[in-house]
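Residue numbers (the numbering used here), protein chains in the order written: chain A, 1 to 323; chain B, 1 to 343; chain C, 1 to 341. Note that beta-carbon positions come from the ideal geometry of N, C-alpha and C, so glycine has one too. Note that the structure is a prediction, hence the values are computed from the model and not measured. Report on one structure; see the data block that follows.
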Amino acid sequence: MALSFTRIFDNDWVGPGLVSLAAIIGISIFQPSFLSPFNIFVLLSAIAVNMVIALGQLVIIGIGQMNLALGAFGGLVAISFVAVMELYGVPPFVAVIIGFAIGTLAGGASGFVIARTGISAFIITLAGLQIFKGINLGITEAQPFYGVPQSVKDFGNLSMLGPIPWLVLPMLIASIGMWYLFTRLRIGRYILAIGGNRTAAELSGINVTATVIWAHAISGLLAATAGMMLVARLQIGQPTIGDDWLISSFAAPVIGGAVLAGGHVSVAGTFFGVVIIAIITQALVLFAIDPFVVQIVLGGLILWAVGINRLRELRVAKLNERA
Amino acid sequence: MTDATSNILDEATPEHRRGSGLMRLALSNEFGLALLIALAFGIFAMTLPGFTSPFSLFTIGRQIGIDTMIGLAMMAVIVTGGLDLSVGAIGVCAAMVFGYLAQIAGVPLPLAIPLAIAFGSVLGFINGYVVVRSGVHSFIITLASMSIFFGIMIFLTQAQSFNALPLAVPAMGKLRVGGPISILLIITLVVCAALSIFYRYTTLGRQMLAAGANARAAELSGIRTGRIIIACHMLTGGLAALAGLMLTARTGAAVPSMAGHLGQDWLLPAFLAPVLGGTLLSGGRVSVIGTLLGAAFVTIMTSGLLLMRVGEFWILACLGLMLLLAVLADRLRHQVLRARGMI
Amino acid sequence: MKSVAKITAALLLGAVACSPALADPGTKVALVPGGPHPYFAAWEQAGKDAMKDFNLGAGDYRVPQKWELAQQSTLLESLLTQGYNSFLIFPGDAVGTNATVSEIVDNGGQAIATAGCLKDPTPALFCLGTDTGNSAYLGTKELIKAMGGKGRIAHFTGFLVDPNTQLRIDAVQKAADETNGDVTVVQVIADIDAPQPAEEKINAYLAAHAADVDGIVTTAWVPAVTAANSLRKIGDKRIKMVGIDHDEVVLQAIKDGFVNGTMLQNPYGQGYLGSYVLDKLRTGCTLKADAPWKSNALTAKFVDSGTVFVDAATADTYVDAMRGITKTLLANFEKDFMACK
């Protein structure tokens with residue numbers, strides 16, 4: 001009995017999940033409108049996009065690297081996506097495929113350089129960040145593209161079922177896909193093996209070069225997805241899309257139990273990490289916090305969320321010792 | 001957090017041990033960077049009018065001084081494999097405390113400067129203490145403290161600047177020594193020398209490196225890693241405060257926005273300089289000179305590209321390409337040298 | 001290594017070859033915003049037109065690659081090295097940019113703080129821009145009028161580190177206070193000058209409080225666009241809104257009735273008039289000390305580049321309105337503000 005209890009609580013997602021649940025209950029007691037259909041819609045839209053962004057970083061964290069260019073990929077794909085529709089009249093469906101292709105190629109290219117040269121991913125993706133953001137600025141000259149077709153706008157605006165927005169669909173596909181990849185597919189195991197111990201992975205015959213390229217290509221694909229989802233949500237092709245992804249893309253996986261050094265990730269944990277951040281952002285608005293103290297409260301809430309999770313971990317460790 | 005292979009001068013690899021001292025120097029990251037800097041500087045000086053003008057050299061030197069200091073602040077905590085996202089927030093907070101002391105409280109500069117640096121160390125201590133006691137990764141703790149430090153600063157100052165500092169402060173920012181050399185660069189060079197000695201010859205410095213290379217081994221050999229980590233964060237805080245003061249001198253005022261929203265503008269130079277210079281993100285190896293050279297390389301490249309007047313909006317893309325070219329060239333040089341050395 | 005060096009050298013030489021020769025010059029104006037932003041797009045054309053109309057040595061729009069004070073300072077220093085002698089600068093920081101401007105002046109250049117002011121004491125010649133506080137105040141007055149003189153207002157604005165933000169918060173509050181309690185500002189949401197956080201916070205706010213507010217005033221570009229889109233999304237025409245600037249989304253929402261109006265600024269006029277004045281000042285004119293300067297919270301030497309409230313009736317013709325203001329400004333400036341030989 002104690003053992004199975006421990007085992008459930010051993011999961012990475014339990015802590016962030018409990019924190020999310022506590023926060024939802026707490027806030028809805030003070031602000032019943034928090035659970036109104038429209039607010040759930042808004043919350044889910046935010047979570048959907050941020051989850052895909054976080055997954056894009058998660059796969060790179062899994063392999064023990066970091067992708068600083070994630071936002072630059074997303075931004076470039078976002079404006080290219082709108083640009084081809086506005087300037088060349090490409091139908092949305094084709095434009096989405098072009099967007100996926102750009103993201104995957106950009107990610108694959110940076111993975112290729114990292115894998116073949118052995119230079120730190122930090123440096124290569126930093127150069128990538130500047131190159132891709134630079135191309136974005138060169139194309140747009142900081143002007144947004146406005147020609148978003150109605151079908152794309154509707155995708156970002158309308159609900160699929162009750163308060164559930166359409167945007168949740170790509171998030172579900174991406175999340176289930178990544179979960180399947182990490183738990184069932186060989187490539188996923190390879191990624192985690194390399195992240196856990198590169199030398200051992202190499203010795204056991206894993207093709208490190210190919211795996212690294214794959215991981216970065218997947219990251220690019222996810223960034224592209226998030227970029228296009230944001231176009232749908234914001235209703236315009238903003239060149240600034242992606243500028244502020246970096247920190248939150250790391251925060252959600254790490255809150256969700258991912259080890260920054262690589263080898264250990266949790267898709268479900270990341271999801272609750274995203275949920276916690278989204279709830280915190282909303283709560284600050286709902287409770288009309290003075291804008292000059294918003295940052296202080298935000299920092300305090302992050303510490304609180306992490307602290308609760310840490311307490312759980314310590315308790316589990318103690319239980320394990322006893323068992 | 002980074003590929004093991006990224007460590008260009010891996011002390012543990014036996015083949016390097018076999019090479020001569022000269023060979024090791026030629027293989028080192030610092031040497032490669034110095035070579036690239038010389039090359040870039042030479043080409044810019046020959047082709048770009050104005051690049052070597054006293055004013056241009058002065059501004060380049062000053063920028064190198066500030067960016068190096070920011071890089072050193074981050075380097076001091078990377079030593080143990082941690083990081084500090086709040087460097088910018090600490091730097092601005094210290095600068096604002098300095099502004100308050102010097103302008104409102106009328107504290108004389110020789111006292112206000114060390115007080116501000118000490119304040120930075122205190123903020124660093126808070127970071128380090130929470131990291132060690134909670135066991136949570138420094139990424140998350142400093143993400144939260146970045147928000148808290150900056151938030152308290154904005155709340156207390158209501159985003160207002162201190163722009164009536166004693167005249168000596170803005171004068172420092174403009175002071176040139178020995179022709180076109182900024183005093184800020186000199187300060188940075190002195191700090192670099194002190195840090196080099198610190199990491200090489202003092203017990204605390206060596207313990208920091210040992211704890212970063214292998215925390216468990218260090219613990220077994222009697223080093224109290226918790227205290228060491230707190231010390232690293234305090235060093236980071238102090239250096240970040242110094243960088244904030246240097247920026248204050250350059251700006252002539254203590255300005256809440258000088259490191260951007262939440263101090264995030266500093267993150268890029270903070271990581272870029274040490275990592276280019278060969279500091280390992282996983283800890284255990286630092287290069288003070290490498291950090292200086294890394295900052296110098298980026299500053300010279302940026303300055304050259306701006307003078308070249310590449311299309312208005314294309315500079316960033318060019319800078320990225322240059323960075324990529326530079327590290328690839330360095331990699332190539334390394335491979336060629338190693339291949340020859342093996343024969 | 002060799003080939004890479006060759007490529008690098010070729011790249012460098014190629015880029016150098018493309019750049020125009022630096023012969024003497026005349027007035028070389030650089031128009032430098034704080035970072036990439038659609039607001040300043042009109043400066044590019046304004047610089048070109050001024051260069052042609054007033055025979056300037058240059059009228060170049062040069063943009064820092066990011067909204068960072070350090071980036072802007074570096075760019076300005078580089079432009080000075082490149083031989084520009086006259087600058088229209090949007091201050092990255094009202095105090096922080098003073099140091100860079102004083103360096104420009106020390107090296108024989110001149111600068112006008114444009115579209116945003118520098119805090120006194122400043123080495124800049126004067127400040128040419130929108131009176132941000134007044135614009136927010138007038139916008140709020142329009143909003144209150146549209147609300148029928150009473151109700152609750154939410155205010156969405158930009159980064160708190162920007163001192164203009166505080167001016168705007170105060171101005172909106174002042175307009176509300178003048179109604180003796182009929183109008184209250186129930187919420188200020190700041191730090192949302194980026195699309196994603198703006199979207200999240202504004203939607204979250206409307207989701208919970210749409211029934212509790214009667215009006216929205218926005219005093220920054222991105223929140224205006226986002227709020228206009230959100231009102232369209234929830235299909236709410238009960239909530240009145242006054243935005244800022246001339247983004248297509250906002251203008252379209254005005255025509256469609258989701259937004260009541262917007263406070264336009266005059267970026268083209270700022271760039272055009274500023275270039276003209278810089279040239280005059282370099283070729284023998286001086287600024288009069290007793291000119292009719294206005295003053296605002298930052299400086300005592302302020303020239304208003306004009307602000308216009310645009311609603312559905314005028315949304316198509318606002319360009320002409322702004323042209324008219326620019327013409328009047330240009331015609332009167334030499335007479336009122338300058339003494340020329």
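Three-way DSSP call (helix, strand, coil) for residue i in this model
| i | result |
| --- | --- |
| A23 (chain C) | Model confidence at A23 (chain C) stands at a pLDDT of 47, short of 50, so the residue's coordinates are unreliable; what they give is reported in the following sentence. Residue state, collapsed to three classes: coil. |
| A339 (chain C) | strand |
| V130 (chain B) | helix |
| V275 (chain A) | helix |
| I236 (chain A) | coil |
| L161 (chain A) | strand |
| R186 (chain A) | helix |
| K301 (chain C) | coil |
| Q335 (chain B) | helix |
| T317 (chain C) | coil |
| F309 (chain C) | strand |
| F162 (chain B) | strand |
| F44 (chain B) | helix |
| K233 (chain C) | helix |
| F30 (chain A) | helix |
| F51 (chain B) | coil |
| W43 (chain C) | helix |
| K66 (chain C) | coil |
| V16 (chain C) | Caution is warranted here: a pLDDT of 42 is assigned to V16 (chain C), below 50, making its placement in the model unreliable, and no coordinate value can be reported. |
| G262 (chain A) | coil |
Within chain C, partners of residue i - CB distance below 7 Å
| i | result |
| --- | --- |
| I315 (chain B) | Q65 |
| L307 (chain B) | S78, T81, Q82 |
Neighbour list for residue i in chain B, Cβ cutoff strictly below 8 Å
| i | result |
| --- | --- |
| L137 (chain A) | F313, W314, L316, A317 |
| N107 (chain C) | F55 |
Contact set between residue i and chain A, taken where Cβ atoms lie within less than 8 Å
| i | result |
| --- | --- |
| N164 (chain C) | Those do not exist, as N164 (chain C) stays about 14 Å from chain A at its closest Cβ, beyond 8 Å. |
Residues sharing a beta bridge with residue i, DSSP
| i | result |
| --- | --- |
| T286 (chain C) | C:A339 |
| V242 (chain C) | C:V217, C:G261 |
| Q110 (chain C) | C:S86 |
| S182 (chain B) | B:R176 |
| D60 (chain C) | C:A30 |
| A254 (chain B) | B:F162 |
| K294 (chain C) | C:F302 |
| F145 (chain A) | A:G237 |
Chain C contact residues for residue i, given Cβ-Cβ distances below 9 Å
| i | result |
| --- | --- |
| F34 (chain A) | A207, A208 |
8 Å Cβ cut-off: residues of chain C touching residue i
| i | result |
| --- | --- |
| R338 (chain B) | Going along chain C, no residue has its Cβ under 8 Å from R338 (chain B), so there is no contact; the nearest lies around 13 Å. |
| N197 (chain A) | Within chain C, no residue comes near N197 (chain A); the closest Cβ sits about 33 Å away, beyond 8 Å. |
| V255 (chain B) | L69, D93, V95, G96 |
| V294 (chain A) | A190, D191 |
Partner residues on chain B for residue i, Cβ-Cβ distance less than 9 Å
| i | result |
| --- | --- |
| V222 (chain C) | Within chain B, no residue comes near V222 (chain C); the closest Cβ sits about 13 Å away, beyond 9 Å. |
Closer than 7 Å at the beta carbon, the chain B residues around residue i
| i | result |
| --- | --- |
| V259 (chain C) | Correct list: empty, because the minimum Cβ distance to chain B is about 27 Å. |
Interface partners of residue i on chain A, CB under 9 Å
| i | result |
| --- | --- |
| A296 (chain B) | Per Cβ cutoff of 9 Å: no residues; A296 (chain B) is ~16 Å from chain A at best. |
> Which runs of the beta strand (DSSP E) fall wholly inside the stretch 120-195 of chain C and span at least 3 residues, in chain order?
Replying inline: Qualifying beta strand (DSSP E) stretches, in chain order: 127-129, 151-156, 183-189.
> Curious, which full-length beta strand (DSSP E) runs of at least 3 residues does the stretch 257-324 of chain B contain?
Replying inline: Taking only runs of at least 3 residues, no beta strand (DSSP E) segment lies wholly in the stretch 257-324 of chain B.
> Is there contact between the stretch 210-217 of chain A and the stretch 25-34 of chain A, where contact requires at least three CB pairs shorter than 8 Å?
Replying inline: They do not touch, by the three-pair rule.
>> For the pair the stretch 117-129 of chain C and the stretch 70-90 of chain B, tell me if three or more CB-CB distances fall below 8 Å.
In response: No contact exists between the stretch 117-129 of chain C and the stretch 70-90 of chain B.
> Any chance the stretch 112-119 of chain C sits against the stretch 255-273 of chain C, with 3 or more Cβ pairs inside 8 Å?
Replying inline: Verdict: yes, contact present.
>> Under 8 Å: do the stretch 180-200 of chain A and the stretch 269-286 of chain A share three or more Cβ pairs, one atom per stretch?
In response: Touching, no, given that fewer than three Cβ pairs across the two stretches are closer than 8 Å.
> So, do the stretch 224-236 of chain C and the stretch 47-65 of chain A have three or more beta carbon pairs nearer to each other than 8 Å?
Replying inline: As far as the Cβ criterion goes, the stretch 224-236 of chain C does not touch the stretch 47-65 of chain A, which means the pair count is below three.
> How about the stretch 315-322 of chain B and the stretch 59-66 of chain B: do they share at least three Cβ pairs that are nearer than 8 Å?
Replying inline: Here the stretch 315-322 of chain B does not lie against the stretch 59-66 of chain B, with fewer than 3 beta-carbon pairs under 8 Å apart.
>> Is it the case that the stretch 110-123 of chain A contacts the stretch 170-179 of chain A, given that we only count it when at least three CB pairs across the two stretches are under 8 Å?
In response: Put simply, the stretch 170-179 of chain A does not touch the stretch 110-123 of chain A. Fewer than three CB pairs are less than 8 Å apart.
> What are the uninterrupted segments assigned as alpha helix (DSSP H) that are 4 or more residues long and contained completely in the stretch 112-143 of chain A, given in chain order?
Replying inline: For the stretch 112-143 of chain A, the continuous alpha helix (DSSP H) assignments of 4+ residues that do not extend past its boundaries occur at 121-140, in sequence order.
>> When you compare the stretch 182-192 of chain C with the stretch 152-161 of chain C, are there three or more beta-carbon pairs, one atom per stretch, that lie closer than 8 Å?
In response: Segments in contact, yes.
>> With three or more C-beta pairs closer than 8 Å as the rule, is the stretch 172-190 of chain C touching the stretch 142-151 of chain C?
In response: Yes: at least three Cβ pairs fall under 8 Å.
>> Give the list of continuous alpha helix (DSSP H) stretches no shorter than 4 residues that lie fully inside the stretch 90-147 of chain B.
In response: For the stretch 90-147 of chain B, whole alpha helix (DSSP H) runs of length 4 or above, ordered along the chain, are 109-134.
> Are at least three pairs of beta-carbons, each pair with one atom in the stretch 295-314 of chain A and one in the stretch 292-308 of chain B, less than 8 Å apart?
Replying inline: For the pair of segments examined, the stretch 295-314 of chain A was found not to touch the stretch 292-308 of chain B: the number of CB pairs separated by less than 8 Å stays below three.
> Are the stretch 25-43 of chain C and the stretch 69-77 of chain C touching by the rule of at least three beta carbon pairs closer than 8 Å?
Replying inline: As far as the Cβ criterion goes, the stretch 25-43 of chain C touches the stretch 69-77 of chain C, which means the pair count is three or higher.
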